[in-house]
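For the sequence shown, the working numbering assigns the number 146 to the initial residue and increments by one for each residue that follows.
Written below as structure tokens is the structure these notes are about.
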Amino acid sequence: MDGRVLAAVSFMKNLQPFLALAVLAAACHAGPDTNNADAVPPIGDSVVVENVPPDSLVEPGVAVGNVKLGADAAPFVARMGKPDSGDAAMGKALAIWKNNGFQTALYTERNMGVDDTARIRMFRTTHPGYRTAGKAGSGAALADLARSFDLTQTAWYPEGPDTIRVLTAPEGISFEVNQKMFCTGLILHAPGADPSASYLPFHPNAVRAGSKP
């Protein structure tokens, strides 16, 4: 059987315990409202967020709302429902949800044979409603991000005619920044970690730091 098919089967098998909970949690809030297609920010435009609700507040290296790093992924997956795509291998799993042009992704790991719980290791979102206390997030200008964080480029990847740089802060957060110097997504991860070094990266075509675009 093709390796990609095996990976997909393994991924869905890993998620089966989570998906069983989805029906029970269908009414739960899963982050900012994304039902308005017009809410998708035009590329290169700044998106101002005045108030960040508690369930959308990003605490670098710790949590996004009540989605905490190291926690069981099952409640979050139940809220979100069946992923639109993903991958899985060797106890690692990547789940991606799409909604009106936005993406939310979760990277989990299991310590197979010791702890079969899929624990959250990274969270990625392109939705501008998710922000840090300093309003850093998708839609913010690079200049505003740099006021709050000491950023180092850890990777870059092509996206159509654009080039996206992954800029990482030691506190445990990374920002994806386009050529117009606006953030197009954020990644929550452990302090001091490099999100591009994970076994199942969010961007398989990313080039690690050292070879700049």
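Where is the CB? At the ideal position from N, CA and C, for every residue including glycine.
Source: prediction; values computed, not measured.
At a Cβ threshold of 8 Å, is residue i touching chain D?
{"i": "A278", "result": "Chain labels in this structure do not include chain D; a single protein chain is all it has."}
For residue i, which residues from the same chain have a beta carbon less than 7 Å from its beta carbon, with the 5 sequence-adjacent residues on both sides left out?
{"i": "A250", "result": "L239, A240, I241, R269, F347"}
{"i": "V212", "result": "F221, I265, F268"}
{"i": "T271", "result": "F247, Q248, S283, T329, G330"}
{"i": "P306", "result": "none"}
{"i": "S230", "result": "I241"}
Of the residues the options, which one's Cα is nearest the Cα of residue i?
{"i": "A217", "options": "N323, D260, V203", "result": "For clarity, residue 217 is Asp in the given sequence; the question names Ala instead. Taking only the C-alpha atoms, the option nearest D217 is D260."}
{"i": "H334", "options": "F221, P205, S201", "result": "P205"}
{"i": "P340", "options": "Y252, S201, A233, G258", "result": "Y252"}
{"i": "P198", "options": "P273, S230, Y302", "result": "P273"}
{"i": "V193", "options": "G258, A263, K280, P303", "result": "K280"}
{"i": "R224", "options": "M235, D200, V207, A234", "result": "D200"}
Have a look at residue i and residue j and give me their C-alpha separation to the nearest angstrom.
{"i": "A351", "j": "L214", "result": "23 Å"}
{"i": "V311", "j": "E321", "result": "5 Å"}
{"i": "Y275", "j": "L287", "result": "16 Å"}
{"i": "S191", "j": "E254", "result": "34 Å"}
{"i": "F327", "j": "G258", "result": "43 Å"}
{"i": "G210", "j": "T262", "result": "20 Å"}
With a CB to CB cut of under 8 Å and the five nearest residues on each side skipped, what residues in its chain are close to residue i?
{"i": "G337", "result": "P315, G317"}
{"i": "P228", "result": "L160, V222, A240, I241, W242"}
Can you give me the Cβ contacts of residue i inside the same chain, cut-off strictly under 6 Å, excluding the 5 residues immediately before and after it?
{"i": "T313", "result": "T297, T299, S319"}
{"i": "T277", "result": "V203"}
Need the endpoints of the alpha helix (DSSP H) that residue i sits in, please.
{"i": "L287", "result": "287-293"}
{"i": "F221", "result": "219-225"}
Practice task
Would you be able to state if there are at least three C-beta pairs under 8 Å between the segment 333-347 and the segment 284-292?
Solution key: no
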